[in-house]
Structures are given as C-alpha cells and as structure tokens.
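Chains as they are written, first to last, in my numbering: chain A, 1 to 347; chain B, 348 to 694; chain C, 695 to 1041.
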Amino acid sequence: MILTAIELAERLGGTLTGDGSVEVRALESLFAARPGDAAFFKDAKYAAQLAATKASVVLVSETWQGTCPAPAVIRVPDPDGAFARAAVWFAPSPPERAPGIHPTALIGRDVHLGASVHVGPYTVIEDGCVIGDGCVIEAQVFLGRQVSMGEGCHIYPQVTVREGCILGCRVVLHSGVRIGGDGYGYTPKVAADGTVTIDKIPQLGIVELGDDVEVGCNATIDRARFGRTRIGNSTKIDNLVQIGHNVQVGSCSGIIAQAGVAGSTRIGSGCLIWAQAGISGHLEIGDRGQVGPKSGLAKDVPAGEYVLGLPAIPRREFAASLLVPRQIEKLKRQLAEIQAELAALKS
Amino acid sequence: MILTAIELAERLGGTLTGDGSVEVRALESLFAARPGDAAFFKDAKYAAQLAATKASVVLVSETWQGTCPAPAVIRVPDPDGAFARAAVWFAPSPPERAPGIHPTALIGRDVHLGASVHVGPYTVIEDGCVIGDGCVIEAQVFLGRQVSMGEGCHIYPQVTVREGCILGCRVVLHSGVRIGGDGYGYTPKVAADGTVTIDKIPQLGIVELGDDVEVGCNATIDRARFGRTRIGNSTKIDNLVQIGHNVQVGSCSGIIAQAGVAGSTRIGSGCLIWAQAGISGHLEIGDRGQVGPKSGLAKDVPAGEYVLGLPAIPRREFAASLLVPRQIEKLKRQLAEIQAELAALKS
Amino acid sequence: MILTAIELAERLGGTLTGDGSVEVRALESLFAARPGDAAFFKDAKYAAQLAATKASVVLVSETWQGTCPAPAVIRVPDPDGAFARAAVWFAPSPPERAPGIHPTALIGRDVHLGASVHVGPYTVIEDGCVIGDGCVIEAQVFLGRQVSMGEGCHIYPQVTVREGCILGCRVVLHSGVRIGGDGYGYTPKVAADGTVTIDKIPQLGIVELGDDVEVGCNATIDRARFGRTRIGNSTKIDNLVQIGHNVQVGSCSGIIAQAGVAGSTRIGSGCLIWAQAGISGHLEIGDRGQVGPKSGLAKDVPAGEYVLGLPAIPRREFAASLLVPRQIEKLKRQLAEIQAELAALKS
C-alpha cells in the first residue's frame, strides 16, 4: 500500500499541513523512520527524536505547536490510535490460505479432514490424523500418525508434530516448532567389568495442547514419559522455549523466549516465566507465580510470588542482595573507625 | 488402545475391586489424571493426591488399606512396575517405517543405500551419500553431499546434515537438528580510511558423531574450521543445545537442554553439562566433570569436579557464596556489639 | 581428497622426512588427530601434544629439531600458513548450486527471479517474491508472499521467511532460521466476572536484513509490531539467537549463540553481544558496546562500554564483586582481632 500524505490525512480524518504529495509506504517509530515512512508524536519525552526524524509524515495531536523536519504533518485527535489504525493498511498482505488440499500434500489413510481445511504444498499428514474444521496447515509441515487437532488451528510452515499428540482448538504453531520429541531420558548402566552403557528410557506418552495455545518459532515441547505433557488453554509460549517431558502448565500462563522447564514440573495458571529463565524438574509454581528473567529456579514458588536470581529467591531478597558491595564498604568504614578509637584508647 | 478395568486387571494379573466396566485410554500421574486414565499409588507421601485423583483406575499394592475416589482399584504386587508395563500398551502406535524409498524422495548420484533402508517423502539425499543398513530417514530430511552414516540410524523429519559430515551407527537425530552449519567465525578488518569489513573465516571441516549418539530437537552442531567437531560414542545431546566448531566431546557424556559449548573446547567422557550452562571456548573439562545448571564456565574443570555458578566455581565454594547475606548480617551485629562496648569503655 | 605424504610435501614445497607413502585424508589438531590425518606444530607449548599425536604427518618449521611419533614429517617455512592452505584441499567438496530451478520447486505468481538463480528441490516461493541475481535458494526453503532479496544471497535448506520481509544483498541464512515470526505480543483482559482472556496483538510489520548479514542455524528474528525489525549491514547473528519485534541493530555488530534481545531494543554498530546474554526490551546499547557472556542487561549501555553479570554492570565493578567472599573473610579476621583487643582492654 502506498498513500500520499493527502490520502492518509483523508483516511484518518486529520488536518494536513505541508507537502501533501509525499508518499508513505510504511509506518515506523520517529527514531527508525526513513523517507517514505510515517511516524507519530505524542509524548514530549520524544521531542528530540521528533526534531531529528527522517519520516516523511508525522501524526501529531490537534493541539501540537512546534516545528518538525518532516515535509508533512497530520493533526489528529489521537495520534497513537490513528497510527494503530493506519498500521493495518500498510501491513504486508496476509497470505491467502483458501480451503483446499495442495496436490503435492500427502495425506495418509484414515485421515479425517474437517470442512474448509487448507493443506499447503509438500506437507505430510500421516495415517489416522484428525484435522478440525477450518484448520490451516501450511507448506512443508509434518504431522505424525494419529495427531489430532480441533477447529481453527494454524500450523505455519516447517512444523513437526509427532505421533499421537493432541492439539485443542485455535492452536497456533509457528515455524520450526517441534511437538512430541523424545527429550532427554536415559539410564546409565555400569557393567561388572566397568563398561558403561546408556539405556534410553522409552517415552511412551504424548503432548496435549489446550485451546488457544500459541507456540513461537523453534520452540520444543517433549512428549511425556507416559501420560501427557500438557499446556493449558490460552497459554502462550515464545520462541526457542524448551518444555521437558510430563511438564504441566495451567491456563493463561506465559513462557517467554529461550526459557526452559525441566521434566515433571507443574506451573499454575496466570503464571509468567520470563525470558531465559530455567526451571528444574519436579517443582511446583503456584498460580500467578513469576520467575524473573535469566533466573534459575531450584525450589517451589508459592502462588502469586515473584522470584528472581540464580538461584531464584523472592524479589525483595534479590534486591537486597544487590546491596552487598555497598554494605561491605560500609562495614569497612565502620571497622576503620573502631580501630582508630581503639588505638586512641590504648595510647 | 482402550481397556476396561477388568481387562487391565487380567493383563496385569491383579485383583480388581470396584466398577470393572470403566474404560482406560491412557496412563497418568495421580495428580494429572482425568476420567479415562489409570494411575498408580505407591508412596504414602502422595496420599493427598490419591484422595483427590480423577483417575478411573488406580493401581495399588496388594497390602494397601484405604479409600480412593477412583471407581476401580487394581491390587498388584508392584504398582510402579505394573504401571511401566501397562504404559507400553497405551502408547501411541509407533509409526511404521518399513524398508523402501518413497517415490518423492530425491536420491542423488553415487548414493550408496544399505539394505532395508527407509527413506520418507520429500527427503533429499545429495550425491555421494552413504547410508548404512537399516537406517530410517524420515520425511523432509536434507542430507548434503557425501554425508555418511553407519547402520541403524534414525533421522526424524526435518533434519539437515550438511556436506561431508559423518554419523556412526545407531545415531538418532530428532526433528530440527542442524549438523554441520558454519557457526560463528569472522575476522573484522579496519581499512586505512577507517572502513570496517567483516571477513568470513571458511569452515572447511566436518562434524563427526560417534555410535549411539542422540541429538535432541532443534540442537545445532557446527562444522569444524578444519578437521572435525567430534561427539564421542553414546554421548547424548538434548534439545536446543549449541555445539561450536572443533568442540570435542568424549563418550557417554550428556549435554542437557539449551546448554552451549563454544569453539575448540574439549569435554571428556562421562561428563554432564546441565541445562542452560554456557562453556567458553578453548577450555578442557576432565572425565566425569560436571558443569551445573545455568553456570558460566570460564576455566578448565579437573576430572570428576562439579562446578557451579556465574562464573562457575567448585560446588562447595558456590554453596558458601550463598551464605554471604547471612554473613554480612552477622558482621553487622558483631560491629554493633563492639561499638556498644567501646562506648561503655569510653564513658 | 587423499594425498600421500610425498604429494602433500610437493604441493606445499616442503621437505619430507619419514615414510612418504602414508596417506592423508583430513587435517586435524595434534591432539585430535588420528591415523590418516595431518597436523601442524608451531608453538613449543604444544610439545606434549606433539609427543603423543596420532597424526600420520606433521607439518613443522624448517628449523625444528626434535622427535615426533608421526611416520612422516614435512618441514615448511610457515607450518600454520601451510596448514591453512592445505585445509582447502581436504575440505568436503562444496555442493554444486548451478543456476536453475529444480522441477519440484513451486514458484508463485508474479515472482521475479534474477539471472543465474538456483532454486533447490521442494522449495516453495510464494506470490510476488523478488529474488536478486545469483541467489542460491537451497532445498525445502519457504519464502512467503512478497519476500524480496538482493543479489548473491544464500539461503540454506529448511529456512522460512514469512510474508513481506526484505533481505539485502549477499545475506546468508543457515538451516532452520526463522525470519518474520509473530513473536510474543499479547494483552490479557479481565472481564467483569473475572474471566481472563489473552488477546493477540497483531504484528503488522516486517523484518529487514541489511547487506552481508549472516544468521546462524535455528536463530529466530521476529517481525515488527509495525514498521521493521532491522539488522544493519554486515551484522552477524549466531545459532539459536532470538531477536524480538522492532529490535534495531546497527552495522558490523555480532550477536553470539543463544543470546536474546527483547522487543524494541536498539543496539548500535560495532557492538558485541556475547553468548547466552539476555537483553531486556526498550534499551539502548551505544556503538561498540559489549554485553558479556550470560549477562542479563536491564539498563542502557553507553558507547564503548563492556558490561557483565546478572544484572550486567561495568566490567570493573563485576570483577570487584567477585572479591566479596575474600573481603568478608578479611572483615571477619579484623573483627576477631578487635574483639581480642577489647577483651584485653577490659581485663
């Protein structure tokens, strides 16, 4: 989409000043904008960015008084909201995923495909899968035997879901997601002669994702040793997250990028596991518990508590621990004073 | 597989009490079980979970006395072992990977395929590859030129192995594994006029995986600058692990999820690198050495030592460092006492 | 490539001593070499490795005096340089990616393919893509609608680039890279009756990679909420790195393996983000700033500063913090001395 400043002002119901013929091809922040971009200015703390912006058009409030290097300015009642509305117009055209099975898609025996399903090219759906109405399964996806999913799921290109795993309705899996891998489970055995062998523990369970679960690019969720690794309704998992076997996560929780959860840990509902956090196995995190970024959790978290650090401790304690160097300096000073007093007493 | 409680009791040689007609479709823990699941109870510390379980059937010991909300109970000599046996019956049917080359698989020139090899749909095997007897190469795999693997390997869907890499026998690569990528190797160059260019260092070596190596989903192992990045026999690498160029790992070691090992580091045999640990380049970890979870290793680890922390230090020292806040409190109290005594002396 | 020691000596213009008939198939370090490998010896600190090497041939300096277990030794003026030259001869044959479109590649409508483009098997290029001259797009790649790339790009197997994203010239994307995923952006909503729903924030922008950007295996770069997530010219991103939406990175910066950068953070030019570092959102890192390995960054970094730790602090402060246990021991000793003096004074 390309709009002139005039056209953009009309669509937004705003008032244009400056050169109405400049073209807008994309939206950007004041800082990152280049010629051809529109940006918005709302908060006085970005005045320096406004003064230096390379945007062709800036949306400002109706009461704004000032100068701006952009060739065109559009006054609107709510620059932030106008910007959000305009963002949709400039977004890349969403790909069309019309119902239909691409001729190169391979559909196994006894597969149930719901109404209005899209299956992209070079996708492989193995025997016995059940695909709900309106699902979009893009190109180059692999669904193992007897995978099932509810209606309205969206599986992006190059996802793999291994045999037997169950997805609820409206699940979104981004490219590179791996559902149902074996994970890490071995038993070392030392023979009488000292030879060590590493026996694999069979991983006989599945992964079950609730309704409205979304999983980010290249995240991995391991199948259960037995039973189910389970992610509750509306829980969102970010890119490159690792979920171990038999982990249970409640509903409406979030697990941010590159965090990892080891086997059999239970995470409640409304929890937030921040980026790059690591959670040991067999722990329990109560509802609305939070584990801070980069923290390493080695014990349970009560409901509603926010823990932080390595190992993770309650947030207040962590803040206190940051004062250690200052406390040591103070102790040194006090000691020196005491030593001086002692010397005075003795002399 | 669906079994009634009666059928399950018969198969296990156990004694049924309660409603023998309830159906079992899956196994689960007492805590996570839902109607249709069987669970087991062995350890008194899970009595509260037993009292609240939603399982349809619970396996208990022959001597168990108590009550249980499940409609059916089966008494067996060893509930834990019976559960493990039953797990196999309820596991999702393993996919069939019969010998044969799918008609859509693309096999290059001069490829040697051993006996009874399975090659799945849309897999690409480039010129000069050598595939041992009985290998299973699933759908959508990419094997670059002159990749070789011994007998009995299992390559899951959507794995890539780049040119020249060598896999031993019975190697398992899970979905999304990347063997033989270039990794990170550049030389910045500053010209006389201050212009910086970033030259790529050619990565001319390969990756060599020993027998019985297993690599988890989306893990990456970089090719050597020259020679070989080498993973020894029976070493197991978990999901999302990163192994840099020219790393050498011995046999029977384990590298847990999301850990990273930088270039040219040597890890011995029987070592354990815990989840999210990071290991700098050009280090040496002796046999049976361990690097704790989330630790950052910046120096060598002697054989048999367990190091922990950021930077990683021997486990005892790390434990001591956790006492710092308590030690500071004690120092403060002692100082206050001394100050009081001093004041008393002076008055 | 297999060369005898004689042939290798001739190619290098070196002087052979020992058994000229031994064959060399690969190059390795002295430590890792096995029979059939050539290694080099230059630095006296590796004398012990030389004495124990299993290499068939060792390259040494012309002035070297000593003994060596290898069956053949080749004297050259510059062993290091000779080794680097030989490395090219033994490297696995680079795959041929001749211009041409594989018959199984699917090319959408209105796709512009430049001159001499290679498109590998089972690759999907959707409508409206623009591919510059000389690009190599390997097997099983997915390019969404209206993706564009400049000349000379190299896209390895099993990469996905989602709709609308823009790549400069000579961009290299390694296997498993995910460009343009949605990332993590949600708004929790609590209804009057306490029901929580999690609304997805549309991600309407794109990813733009500058010229000469290289992205390692399984790394993920999220599309912008609006505008562009942008990586500057010659910036190099290592394996398994996560870049959040609207992140801006300057030119000639490096982001090492498994590091993560949260949304809207701005990283300057010539910066280095070390392995497994984590950077919070909405921060600014000045030119040539560095964030140390495994560090967790929670505030801005001035130009040229190196920060380290959890949370990250200037390098000198971090070094000081490592002395805390020693300082506490010293404080304890001093206190004990004072207590003894006090006791003496009172008695």
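Where is the CB? At the ideal position from N, CA and C, for every residue including glycine.
Interface flag, residue i vs chain A, CB-CB below 7 Å
i: residue 459 of chain B; result: no
i: residue 984 of chain C; result: no
i: residue 465 of chain B; result: no
i: residue 533 of chain B; result: no
i: residue 439 of chain B; result: yes
i: residue 375 of chain B; result: yes
i: residue 892 of chain C; result: yes
i: residue 912 of chain C; result: yes
i: residue 604 of chain B; result: yes
i: residue 839 of chain C; result: yes
Buried/exposed call for residue i, threshold 16 Cβ in 10 Å
i: residue 37 of chain A; result: buried
i: residue 352 of chain A; result: Outside the shown range of chain A, which is 1 to 347, sits residue 352 of chain A, and nothing can be said about it.
i: residue 160 of chain A; result: buried
i: residue 528 of chain B; result: buried
i: residue 407 of chain B; result: buried
i: residue 1016 of chain C; result: exposed
i: residue 419 of chain B; result: buried
i: residue 756 of chain C; result: exposed
i: residue 92 of chain A; result: buried
Chain F contact for residue i (CB, 7 Å cutoff)
i: residue 551 of chain B; result: The structure shown contains no chain F; its protein chains are A, B and C.
Cutoff 7 Å: residue i Cβ touching any chain B Cβ
i: residue 969 of chain C; result: yes
i: residue 130 of chain A; result: no
i: residue 310 of chain A; result: yes
Min CB distance residue i to chain C below 7 Å
i: residue 420 of chain B; result: no
i: residue 625 of chain B; result: yes
i: residue 388 of chain B; result: no
i: residue 154 of chain A; result: no
i: residue 554 of chain B; result: no
i: residue 87 of chain A; result: yes
i: residue 360 of chain B; result: no
i: residue 148 of chain A; result: no
i: residue 515 of chain B; result: no
i: residue 139 of chain A; result: yes
i: residue 294 of chain A; result: yes
i: residue 401 of chain A; result: Any property of residue 401 of chain A remains undetermined from this structure, which presents chain A solely from 1 to 347.
i: residue 447 of chain B; result: no
Amino acids of chain A, ordered along the chain, whose beta-carbon sits closer than 7 Å to that of residue i
i: residue 504 of chain B; result: 142 and 160
i: residue 956 of chain C; result: 275
i: residue 800 of chain C; result: 121
Proximal chain B residues relative to residue i, where beta-carbon distance stays under 7 Å
i: residue 248 of chain A; result: 379
i: residue 240 of chain A; result: 587
Within chain A, partners of residue i - CB distance below 9 Å
i: residue 1015 of chain C; result: 324 and 325
i: residue 908 of chain C; result: Result: empty, since nearest Cβ-Cβ is about 18 Å, beyond 9 Å.
i: residue 858 of chain C; result: 91, 92 and 93
Amino acids of chain C, ordered along the chain, whose beta-carbon sits closer than 8 Å to that of residue i
i: residue 68 of chain A; result: Residues of chain C passing the Cβ test: none, with the nearest at roughly 18 Å.
i: residue 328 of chain A; result: 1018, 1021, 1022 and 1025
Per-residue contacts from residue i into chain C (C-beta, under 7 Å)
i: residue 473 of chain B; result: 789
The ligand ATP heavy atom lying under 6 Å from the CB of residue i
i: residue 1017 of chain C; result: Here there are no bound small molecules, and the ligand ATP is not part of this structure.
Chain-ordered neighbours of residue i on chain B, where CB pairs are closer than 9 Å
i: residue 964 of chain C; result: 535 and 543
message: Along the segment 681 to 694 of chain B, where does the CB come closer than 8 Å to a CB of chain C? Name the residues.
response: The segment 681 to 694 of chain B vs chain C, Cβ under 8 Å: 681, 682, 685, 688, 689 and 692.
query: Going along the chain, which unbroken runs of the beta strand (DSSP E) with 3 or more residues stay wholly within the segment 480 to 557 of chain B?
result: If you keep only unbroken beta strand (DSSP E) runs of at least 3 residues inside the segment 480 to 557 of chain B, you get 525 to 528, 533 to 537, 543 to 547 and 553 to 556.
- prompt: What are the uninterrupted segments assigned as alpha helix (DSSP H) that are 4 or more residues long and contained completely in the segment 254 to 299 of chain A, given in chain order?
  reply: Within the segment 254 to 299 of chain A, no complete alpha helix (DSSP H) run reaches 4 residues.
field: Those runs of the alpha helix (DSSP H) which lie wholly inside the segment 721 to 781 of chain C and span at least 4 residues
entry: List check, alpha helix (DSSP H) in window: 741 to 746.
query: Could you give the uninterrupted runs of the beta strand (DSSP E) lying entirely in the segment 564 to 595 of chain B, keeping only those of 3 residues or more?
result: Positions of the beta strand (DSSP E) runs, each at least 3 residues long and wholly inside the segment 564 to 595 of chain B, are given as 567 to 569 and 575 to 578 in order along the chain.
Short-range partners of chain C found in the segment 518 to 530 of chain B, where Cβ spacing is below 7 Å: Listed in sequence order: 523, 525, 528, 529 and 530.
Any alpha helix (DSSP H) of 4 or more consecutive residues that is wholly inside the segment 305 to 343 of chain A: The alpha helix (DSSP H) runs lying completely inside the segment 305 to 343 of chain A and spanning 4 residues or more are 315 to 321, given in chain order.
- prompt: What residues in the segment 218 to 238 of chain A have a beta carbon less than 7 Å from any beta carbon of chain C?
  reply: Per Cβ criterion, the list reads 218, 234, 236 and 238.
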